[in-house]
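Enquirer: Residue 1055 is where the sequence shown starts when you use this note's numbering, and the numbers rise one by one after that. Here's a structure for you.
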Amino acid sequence: MAPDTRGKLTAPDESIRALYARLDDLSDAASRGEPAATAFLTPREAKYARSYLAHRLSAGLAVLWGGYAGAERVRAFLLPDWLEGLVDPQALADDPADALEAAGFPDAAAFVRDCVIALRVKGSGFRTLSHRDYLGSVMGAGLERDALGDVLVGDDSTAVLLCGRRVADYLLSDLHKVGADTVRVSALADGETPCAVRRVQPLSDTVASQRLDCIVASLCNLSRDKAQTAIRSGLCELDYECTEDCDTEVEPPAVLSVRGCGKFRVLSFDGETRKGRLRLRAEKYI
């Protein structure tokens, strides 16, 4: 994402160009005195939005927030220019609603809180519900994926969904079933913070090198040839970017998604074996 000759960041594809245009529109609206926000962004969109806003705006006038520290799906908030210097940038990054409230801007704080609301969805306890079950039930109601932030699935037949006010009101009144289970939806209590509990399966193996095809073959239990075919077919994303180059080196920590096989985090390469192979440590999202 190098700047072009006019000092603007170059978008890699049409979807990111559309994102940049949307951010421009929202920042123009914020410059007129009202806070503005995008829909929930994918991790890839969030990466580009963060770079673009840092390049376009002064520090402290924009923040990405998904309801808790470390959220994968976030909304980009564009704040009025007059807030610059009046709100602590670090506090804004940690929790923009609390930071704006503490700085004496309750209306702006309320806007942020209405954009990111945490709902608890509680099942009967007699069925095991997956991330796909929760997401499928919400999408089946006619909502787009960008209307929903992270879906945090716990081990106690409970999940936390992050969404905006309008979607929250709808789910509170109309979401009664997830998968084949009956559920109850409630808002998190005041002061209760969502906690990211992502279920993962630890993985370890030895690989010949840090090449992408070696890592895909290991994590997906594929032959080297099939791993290379998957990569060249555009089925792999490394740190949310599609890559078709089998020679790409994977530098931990990295997020690797392989369509049809799942999503993984490459955590580390812990030295070499006596035969010169690398000890791979990773985890698979389940």
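Glycine residues also receive a C-beta, built at the ideal position from the N, C-alpha and C atoms.
1) Report the partner residues of K1338 according to the DSSP bridge assignment.
2) Considering only the beta carbon of each residue, do A1172 and P1097 sit closer than 8 Å?
3) Does the region 1084–1092 come into contact with the region 1126–1141, if we say contact requires no fewer than three beta-carbon pairs (one atom in each stretch) closer than 8 Å?
4) Would you kindly report the start and end of the unbroken alpha helix (DSSP H) that includes K1176?
5) Where does the unbroken alpha helix (DSSP H) through A1105 begin, and where does it stop?
6) Starting from T1283, follow the alpha helix (DSSP H) in both directions and report where the run begins and ends.
7) To the nearest angstrom, report how far apart R1297 and G1330 are at their CA atoms.
8) Is it right to say A1113 is buried, meaning 16 or more other beta carbons lie within 10 angstroms of its own, or is it exposed?
9) Reducing DSSP to helix, strand and coil, say where V1237 ends up.
10) Just to confirm, does L1080 get its C-beta within under 7 Å of one of the non-hydrogen atoms of the ligand MN?
11) Any idea which residues DSSP pairs F1323 with across the strands?
12) Let me make sure I understand the geometry here. Which of S1240, E1295, D1228 and L1063 has the alpha-carbon closest to that of M1193?
13) So, with DSSP's three-state summary, where would you put R1013?
14) When DSSP labels each residue in this structure, what does G1018 get in the three-state scheme?
15) Using three-state DSSP, classify L1133 as helix, strand or coil.
16) Can you have a look at V1254 and say buried or exposed, based on whether 16 or more other CB atoms are within 10 angstroms of its CB?
17) Per DSSP, which residues does A1116 bridge with? Please list them.
18) Could you pull out every residue in the same chain whose Cβ sits closer than 6 Å to the Cβ of C1274, ignoring the five residues on either side in sequence?
19) When the Cα of T1327 is compared with those of D1259, R1181, D1267 and E1295, which residue comes out closest?
20) With a cut-off of 8 Å on the beta carbons, I'd call A1271 and L1292 a contact; round off their distance for me.
21) Going along the chain, which residues of its own chain have a beta-carbon closer than 7 Å to the beta-carbon of K1231, five neighbours each way excluded?
22) Pull up the CB-CB distance for A1174 and V1214, whole angstroms please, since I reckon it's below 8 Å.
23) Can you tell which of D1135, A1162, A1116 and P1134 has the C-alpha that lies nearest to the C-alpha of Q1144?
24) In whole angstroms, what separates the C-alpha of G1139 from that of P1066?
Expert: So, from the data block:
1) Beta-bridge pairing links K1338 to Q1255 and F1318.
2) When the beta-carbon positions are compared, A1172 and P1097 stay at least 8 Å from each other.
3) Three or more beta-carbon pairs drawn from the region 1084–1092 and the region 1126–1141 are found closer than 8 Å, and the two stretches are therefore classed as touching.
4) It is not in any alpha helix (DSSP H) - K1176 instead sits in the beta strand (DSSP E) that spans I1171 to K1176.
5) The amino acid occupying residue 1105 in the given sequence is Ser; Ala does not appear at that position. Its alpha helix (DSSP H) spans residues P1097 to R1110.
6) Counting along the chain, the unbroken alpha helix (DSSP H) around T1283 starts and ends at R1278 to R1286.
7) For the record, residue 1297 in the displayed sequence is Thr; it is not Arg. Cα-Cα distance, rounded: 27 Å.
8) Here the model assigns A1113 a pLDDT of 43, short of 50, so the residue's position is not dependable, and the following value carries that caveat. Exposed, since its Cβ has fewer than 16 Cβ neighbours within 10 Å.
9) V1237: coil per DSSP, three-state reduction.
10) The ligand MN is absent from the structure shown, which contains no ligands of any kind.
11) Partner(s): L1334.
12) Of the candidates S1240, E1295, D1228 and L1063, the one whose C-alpha sits nearest the C-alpha of M1193 is D1228.
13) Given that the chain is displayed from residue 1055 to residue 1340, the structure contains no residue 1013 and the question cannot be resolved.
14) Only positions 1055 to 1340 of the chain appear in the structure, and residue 1018 is not among them; the question remains open.
15) Note: L1133 maps to coil in three-state DSSP.
16) A residue is called buried once 16 or more other Cβ atoms fall within 10 Å of its Cβ, and V1254, having fewer, is exposed.
17) L1132, per the DSSP bridge assignment.
18) Same-chain partners within the cutoff: V1312 and C1315.
19) For T1327, the closest C-alpha among the options D1259, R1181, D1267 and E1295 is that of D1259.
20) Rounded to whole angstroms, the Cβ separation of A1271 and L1292 is 14 Å, and the two are not in contact under 8 Å.
21) Cβ neighbours of K1231 beyond the five flanking positions: S1191 and V1237.
22) A small fix is needed here, since residue 1174 is Arg in this sequence, not Ala. A Cβ-Cβ distance of about 6 Å is found for the pair R1174 and V1214, placing them in contact under the 8 Å criterion.
23) Looking from the CA of Q1144, the closest CA among D1135, A1162, A1116 and P1134 belongs to A1116.
24) The straight-line gap from Cα to Cα measures roughly 33 Å.
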